[in-house]
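Keeping their order, the protein sequence lines are chains L and H. Numbering follows our numbering, in which position 45 of the first sequence is assigned residue number 45; successive positions increment by one, without gaps. Numbering follows our numbering, in which position 243 of the second sequence is assigned residue number 243; successive positions increment by one, without gaps. Quick reminder that beta carbons are idealized off the backbone N, C-alpha and C, glycines included.
There are 2 protein chains.
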Amino acid sequence: MAITIKKIAEIAGVSAGTVDRALNNRGRVKPEVAERIRTLAQELNYQPNSVAKSLSIKNKGLKIAVILHIVRNSFFDEVIQGIKKAAKEISDTGIQVVIKTCKDFDADYQLKLIEEALSEDVKAMAIVPINSPLIKNKINELTENGFPVVLLTAILEDTNYLAYVGCDYRRAGKILAGLINLITRGKANLGVLSPTFQMCGHLYRVNSMCDYFSTHCPGIQVSSITEVPNDEIGTYMEVKKMMEEHSDIDTILYGSVAVKAGFRAIRECLGEKPVRIVALDLSDDIKEALLTDNIIATLIQNPKDQGYRAIRILFEFLTSNKKPKNPLCYINTEIIVKECINEAEM
Amino acid sequence: MAITIKKIAEIAGVSAGTVDRALNNRGRVKPEVAERIRTLAQELNYQPNSVAKSLSIKNKGLKIAVILHIVRNSFFDEVIQGIKKAAKEISDTGIQVVIKTCKDFDADYQLKLIEEALSEDVKAMAIVPINSPLIKNKINELTENGFPVVLLTAILEDTNYLAYVGCDYRRAGKILAGLINLITRGKANLGVLSPTFQMCGHLYRVNSMCDYFSTHCPGIQVSSITEVPNDEIGTYMEVKKMMEEHSDIDTILYGSVAVKAGFRAIRECLGEKPVRIVALDLSDDIKEALLTDNIIATLIQNPKDQGYRAIRILFEFLTSNKKPKNPLCYINTEIIVKECINEAEM
DNA sequence: CTGAAAGCGCTTACAG
DNA sequence: CTGAAAGCGCTTACAG
């Protein structure tokens, strides 16, 4: 049997309550005694029983807030699935998870959501942070005060947090480069369509890909790097513009959530001329494009996992005070070809 | 607050013990009373609290056995990592995990291991089953008696079990076909080196790949399908034989754990002639071959996940009597190119 | 600053 | 067949 608080209490000649207060630094223990108990616990290699901890915590009504940066899109629908899965798993501990959606990329509004959550006595927070000083400062302030914040899917520079859960964008860029190199056998004029660089990860990804091309793939030229918005019309216009201005493009990295309109723009410009397309993520539209051979491959970032992990990390912190060994919790990135799609699941 | 046994007891006008006995079919409750309690619990949508369950179970000394089919190899080293990760996570519930390694592919020996485990009062079992009537019958017998058995990494036909955790070999075959089609642009003479068909999943995988070629890839010919053993010398001989007998081979699916010797055989036969190689799994040798461009891509089966999931499923069963909704728990298969390898981690 | 007691929700000897 | 009580290990008012 493992060593318990009761056993430590016996050996130290104090009560269980005192051991608990000492080990969890709750104060109200004579410093010398606390120190003695802590040393003893270490010597005995005491590991608190997490199940008992979770059960005893049940009536405290702990809450975790999840704060998004947009109203919704297909990627975050999946993130939310993962969040809900984790929420269900931890519900027996009495910990609640509340999700707050934001006006698209509205930093003022997001800040209000944070304040709202805090006023509701939330004890931990996962946030898809909008890249604004407003948000950065608030997160830094929270972290300084020991409040656990997990950045979810979007990383921020010059900001402190308990953990970042999301894609390793630089590695994703490298993998995209390798994939495009493989598919094109090292010869391509590439048009890059990226989601907004307002989220710095997207910029890291493109830069990392381009770096890899310039050091490893002399035959691959990046003809254009174009940011595309979240909507169909905006995407159509940007894609059209890129294709018209760069008629040499024979390969495209397609990083927009708006698929139908962008593909129409490509076809309008290229006619029947062949083009190799590699995409990002796996919305229903992307799946369909894969299955109809309009896309050769796509790189996915396991959004469901991301949501799941973020909640689990906060849960661990709340129940066991454990911080992740590595604050950068990178979620796996996967190459998907059409044969990976289970048509039965569609 | 969720509904508890205590609350049901109050409403039903009985004690908590009686509710527990009724809901868990432990007998020693008057049938009418038991029925009434069960109905009530359903109406109230009672969900037992898994944390409390785990805690109360602590002193029962439950044990899970893991029974392997070989002494070791690099793939199963990773499977075991996953098993140990899960074992650590559940250790606070007092459930132990014991691992038993087997003489390589020795069904008699594996049967003895099963008996040994049972005599040690193990309450659940994960097994990498050797494809033999001896083992099949035993597993069927156990399952019939309500004893939870999870098949790990290897599936059996005509056998009943709580769950299978492992690769979806047919889908893996399809993905391999798609990958090879992509890499070769649909023109190849393929030599297939597969691990033993004694494990039927390996056969499913090859067959599924070949089916896909014949329906979707007219330009891809399968020149040879060769089984390779686990050791370097045997692999060398089989590879050499295949390459000598099929000089048209320009593409290889390399499914052997013995990398160095087989690659030597390939080189001895082909000289400087180029060959495209796609591999299976991700041992250190495969990693090195990827990084040196001797392998173009490999398909991995997340062995660590497989071990982890198998234990979690048995844990759920032991603590909550829950069976997985789908007994076929397929673990994800991933395409890996060299850019996916984090050289810092090697 | 410290301890005894009760509680989280489920389970299980034990007594009847 | 049934209930009261104690236990799993940690936490927390409460009394002192």
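If you check the beta carbons only, do residue i and residue j fall under 7 Å apart?
i, j, result
"tyrosine 212 of chain L", "tyrosine 169 of chain L", "no"
"valine 278 of chain L", "leucine 318 of chain L", "no"
"glycine 362 of chain L", "isoleucine 249 of chain L", "Limits of chain L in this structure are 1 at one end and 346 at the other, which puts residue 362 of chain L out of reach."
"valine 347 of chain H", "alanine 126 of chain H", "Since the first residue of chain H shown is 1 and the last is 346, residue 347 of chain H is not available in this structure."
"isoleucine 335 of chain L", "isoleucine 335 of chain H", "yes"
"alanine 52 of chain H", "leucine 55 of chain L", "yes"
"aspartate 92 of chain H", "asparagine 49 of chain L", "yes"
"glycine 234 of chain L", "isoleucine 83 of chain L", "no"
"serine 224 of chain H", "histidine 202 of chain H", "no"
"leucine 111 of chain H", "leucine 134 of chain H", "yes"
"glycine 312 of chain L", "alanine 124 of chain L", "It should be noted that the sequence gives arginine, not glycine, for residue 312 of chain L. Contact: no."
"phenylalanine 315 of chain L", "isoleucine 90 of chain L", "yes"
"lysine 6 of chain L", "alanine 22 of chain L", "no"
"threonine 159 of chain L", "lysine 138 of chain L", "no"
"alanine 347 of chain H", "valine 228 of chain H", "Because chain H here runs from 1 to 346, residue 347 of chain H falls outside it and cannot be looked at."
"isoleucine 183 of chain H", "isoleucine 295 of chain H", "no"
"threonine 39 of chain L", "valine 71 of chain L", "no"
"serine 74 of chain L", "serine 208 of chain L", "no"
"histidine 69 of chain H", "valine 128 of chain H", "yes"
"lysine 338 of chain L", "leucine 291 of chain L", "yes"
"lysine 58 of chain H", "glycine 13 of chain H", "no"
Using the beta-carbon of each residue, which ones in chain H are nearer than 8 Å to residue i?
i, result
"alanine 52 of chain L", "Leu55, Asp92"
In chain L, what lies closer than 8 Å to residue i by C-beta?
i, result
"valine 337 of chain H", "Ile175, Gly178, Leu179, Leu182, Ile335"
Could you work out which residues of chain L lie near residue i, taking near to mean beta carbons separated by less than 7 Å?
i, result
"asparagine 49 of chain H", "Asp92"
"cysteine 340 of chain H", "Ile175"
At a CB-CB cut-off below 9 Å, which residues of chain L make contact with residue i?
i, result
"isoleucine 296 of chain H", "Leu182"
Here's the rule I'm using: 16 or more other beta-carbon atoms within 10 Å means buried, otherwise exposed. How should residue i be labelled?
i, result
"leucine 142 of chain H", "buried"
"glutamate 244 of chain H", "exposed"
"glutamine 47 of chain L", "exposed"
"isoleucine 271 of chain L", "First, the amino acid is wrong: residue 271 of chain L is glycine here, not isoleucine. Exposed: under 16 other Cβ atoms inside 10 Å."
"asparagine 181 of chain H", "buried"
"threonine 349 of chain H", "There is no way to answer for residue 349 of chain H, as the model of chain H reaches only from 1 to 346."
"serine 119 of chain H", "exposed"
"proline 31 of chain H", "exposed"
"glycine 219 of chain H", "exposed"
"leucine 328 of chain L", "exposed"
"lysine 260 of chain H", "exposed"
"serine 194 of chain H", "buried"
"lysine 322 of chain L", "exposed"
"methionine 1 of chain H", "exposed"
"alanine 344 of chain H", "exposed"
"glutamate 78 of chain L", "buried"
"arginine 309 of chain H", "buried"
"glycine 262 of chain H", "buried"
Is residue i near the ligand NAD, in the sense that its beta carbon is under 6 Å from a heavy atom of that ligand?
i, result
"lysine 138 of chain L", "As for the ligand NAD, it is missing from this structure, which has no ligand bound."
Review point. Okay, do the stretch 140 to 155 of chain H and the stretch 163 to 177 of chain H touch, 3+ Cβ pairs below 8 Å being the bar?
Key: yes
Practice item. Determine contact between the stretch 172 to 183 of chain H and the stretch 299 to 308 of chain H, defined as no fewer than three beta-carbon pairs at a distance below 8 Å. Key: Yes, since at least three Cβ pairs between the stretch 172 to 183 of chain H and the stretch 299 to 308 of chain H fall closer than 8 Å, the two stretches touch.
Review point. Which runs of the alpha helix (DSSP H) fall wholly inside the stretch 281 to 342 of chain H and span at least 4 residues, in chain order?
Key: 284 to 291, 303 to 320
Exercise for review: Count the CB pairs spanning the stretch 176 to 184 of chain L and the stretch 247 to 267 of chain L that are closer than 8 Å, and state whether there are at least three.
Suggested key: yes
Exercise for review: Could you name each continuous alpha helix (DSSP H) segment of 4 residues or more that falls completely within the stretch 167 to 220 of chain H, going from the start of the chain to the end?
Suggested key: 169 to 184, 200 to 216
Exercise for review: Enumerate, from N- to C-terminal direction, the unbroken alpha helix (DSSP H) stretches of 4 or more residues contained entirely within the stretch 58 to 126 of chain H.
Suggested key: Unbroken alpha helix (DSSP H) stretches of 4 residues or longer found wholly inside the stretch 58 to 126 of chain H: 74 to 90, 107 to 119, given in chain order.
Check your understanding: Do the stretch 59 to 78 of chain H and the stretch 33 to 44 of chain H make contact, defined as three or more Cβ pairs closer than 8 Å?
Key -> no
Point to revise | Whole runs of the beta strand (DSSP E) within the stretch 128 to 170 of chain H, excluding any shorter than 3 residues | key: Listed in chain order, the beta strand (DSSP E) runs fully inside the stretch 128 to 170 of chain H are 149 to 152, 163 to 167, counting runs of at least 3 residues.
Practice item. Scan the stretch 241 to 281 of chain H and note each continuous alpha helix (DSSP H) run of 4 residues or more that stays entirely inside, going in chain order. Key: 260 to 270
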